[in-house]
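Asks:
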Amino acid sequence: ELSNNQAKMPSKKKRGNDKAKRKKKERLERMDREMKGKALVSDANSVDDIFSILTAFKKYRKMNVSCSFKRYEELTENEKNWVFELLEKNMKTHYEGCESIGWDQKAKKKELEHEDCRYLIAYKEEVEGTKQENVKQDPDEKEPATKQQQQQPVGYVMWRCLMDDNGMGEFIPVLYLWEIHLEKQARRNGLGKFLMTISELAAWKFKMKKIILTAFSSNEPSLKFFQGKLKFEVDETDPQLCDPSEPPYGYRILSKSRDTTGNSSSN
Numbered sequence: 149e150l151s152n153n154q155a156k157m158p159s160k161k162k163r164g165n166d167k168a169k170r171k172k173k174e175r176l177e178r179m180d181r182e183m184k185g186k187a188l189v190s191d192a193n194s195v196d197d198i199f200s201i202l203t204a205f206k207k208y209r210k211m212n213v214s215c216s217f218k219r220y221e222e223l224t225e226n227e228k229n230w231v232f233e234l235l236e237k238n239m240k241t242h243y244e245g246c247e248s249i250g251w252d253q254k255a256k257k258k259e260l261e262h263e264d265c266r267y268l269i270a271y272k273e274e275v276e277g278t279k280q281e282n283v284k285q286d287p288d289e290k291e292p293a294t295k296q297q298q299q300q301p302v303g304y305v306m307w308r309c310l311m312d313d314n315g316m317g318e319f320i321p322v323l324y325l326w327e328i329h330l331e332k333q334a335r336r337n338g339l340g341k342f343l344m345t346i347s348e349l350a351a352w353k354f355k356m357k358k359i360i361l362t363a364f365s366s367n368e369p370s371l372k373f374f375q376g377k378l379k380f381e382v383d384e385t386d387p388q389l390c391d392p393s394e395p396p397y398g399y400r401i402l403s404k405s406r407d408t409t410g411n412s413s414s415n
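Okay, so the sequence shown: first residue is 149 according to the numbering used here, each after it adds one.
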């Protein structure tokens, strides 16, 4: 005669069926989350102007800088050239020093041209006085001048909203910060942090799970900026974290996620 405990124990067949049902339920739930994530990414990529949402961040008054939000095809030819040249000037040596990546000019240009790339460009507003011509005036008066406003690009960030592997076999919606570059004269004035604030706020407005980026190990100021000032942490998908026994890869994957209370937090 079976004891009470033995009588209550499910058979191997039943345990197998329960496990299969549980796995199927988890798979369907994951598929549903991924489907919703793809919809969020699509919505994010359909936004024409981030400043229609973040209106207070159009200008960085400390430096008399105004910002524009553009797709690659909306950039002028001069802007396209400047975007690549600034990247090359700032980063080529780091790419060349990283054996696992290396510098590939053609591939890098192709990345910048992707249809999902979104550029946040900071322009320094400069006012120049120009003399008016063919205007009759009293010879004793000073020559009148008109003010001509010119915009000079001094920095940019480029991001893409996409589905990315969370390191546990599931794809989640993220804002992937591909590039952030400033001209030398625009640094150490808070502009980089300002552009990152816009990027981070955009990620949460778009309901992305994370803002994520790749930083070269050789670029110590960059790591200090992201991890120190902005509180990014090493992401679960970082190759050095996943394979600590392997030699360093030459780069780190950093991220910041949003907690359930609506505040941003590092992983």
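Using N, Cα and C, we set each Cβ at its ideal position, and we do this for glycine too.
Cutting at 8 Å between CB atoms, please list the residues of its own chain near L235, excluding the five before and the five after it.
Replies: Here the set comprises K256, L260, E327 and H329.
Asks: Taking DSSP's pairing of strands, which residues face C215 in a bridge?
Replies: Bridge partners of C215: A270.
Asks: What distance in whole Å lies between the Cβ atoms of F342 and Y220, which are believed to be in contact at a cut-off of 8 Å?
Replies: Y220 to F342, Cβ: 22 Å. No contact.
Asks: Starting from the Cα of L371, find the closest Cα among F319, L402 and D180 and give me that residue.
Replies: With distances taken between Cα atoms, L371 lies closest to L402.
Asks: Below 7 Å CB to CB, which residues in the same chain sit around D312 once its five sequence neighbours on both sides are set aside?
Replies: Excluding positions up to five away in sequence, the list reads F319, I320, V322, Y324 and I360.
Asks: Taking the alpha-carbon of A351 as reference, which of E263, E174 and L310 has the nearest alpha-carbon?
Replies: When only C-alpha atoms are compared, the closest one is L310.
Asks: Figure out for me which residue from S393, L339 and F354 has the closest Cα to the Cα of V213.
Replies: Among S393, L339 and F354, the Cα nearest to that of V213 belongs to L339.
Asks: Using 8 Å as the threshold, is the stretch 245-253 in touch with the stretch 392-401, meaning 3 or more CB pairs across them?
Replies: Touching, yes, given that three or more Cβ pairs across the two stretches are closer than 8 Å.
Asks: Taking the straight line between their C-alpha atoms, what separation do you get for C390 and M316?
Replies: So the two alpha carbons sit approximately 11 Å from each other.
Asks: Since F272 contacts M211 with CB under 8 Å, what's their CB separation in whole angstroms?
Replies: The question names Phe, but residue 272 in the sequence shown is Lys. So it is a contact: roughly 7 Å between Cβ atoms.
Asks: Which stretch, first to last residue, makes up the beta strand (DSSP E) that contains F342?
Replies: Here F342 belongs to no beta strand (DSSP E); instead the alpha helix (DSSP H) covers L339 to K353.
Asks: Using the DSSP secondary-structure output, state which residues sit across from I360 in a beta bridge.
Replies: Y324 and S403, per the DSSP bridge assignment.
Asks: Taking only the alpha-carbon atoms, compute the straight-line gap between K240 and G164 and give it to the nearest angstrom.
Replies: About 55 Å.
Asks: What residues match up with M311 in a beta bridge as DSSP calls it?
Replies: Its beta-bridge partners are P321.
Asks: Determine the direct distance from the alpha carbon of D166 to that of E348, and round the result to whole angstroms.
Replies: When rounded, the distance between both Cα atoms is 42 Å.
Asks: Tell me whether L223 sits in a helix, a strand or coil according to DSSP, three-state version.
Replies: L223: coil per DSSP, three-state reduction.
Asks: The alpha helix (DSSP H) spanning Q375 covers which residue range?
Replies: It is not in any alpha helix (DSSP H) - Q375 carries neither H nor E in the DSSP assignment.
Asks: Among residues of its own chain, excluding the 5 on either side of V283, which ones have a beta-carbon nearer than 6 Å to its beta-carbon?
Replies: Residue placement at V283 is poorly supported in this model, since its pLDDT is 43, which falls under 50; the coordinates are not used for a value here.
Asks: Enumerate in chain order the residues of its own chain whose CB-to-CB distance from K358 is below 6 Å, with the five nearest sequence positions on each side excluded.
Replies: Counting only Cβ-Cβ distances below 6 Å, and skipping sequence neighbours, we find V322, S403 and S405.
Asks: Taking all protein chains shown into account, decide if D383 is buried (16 or more other Cβ within 10 angstroms of its Cβ) or exposed.
Replies: By the 10 Å Cβ count, D383 comes out buried.
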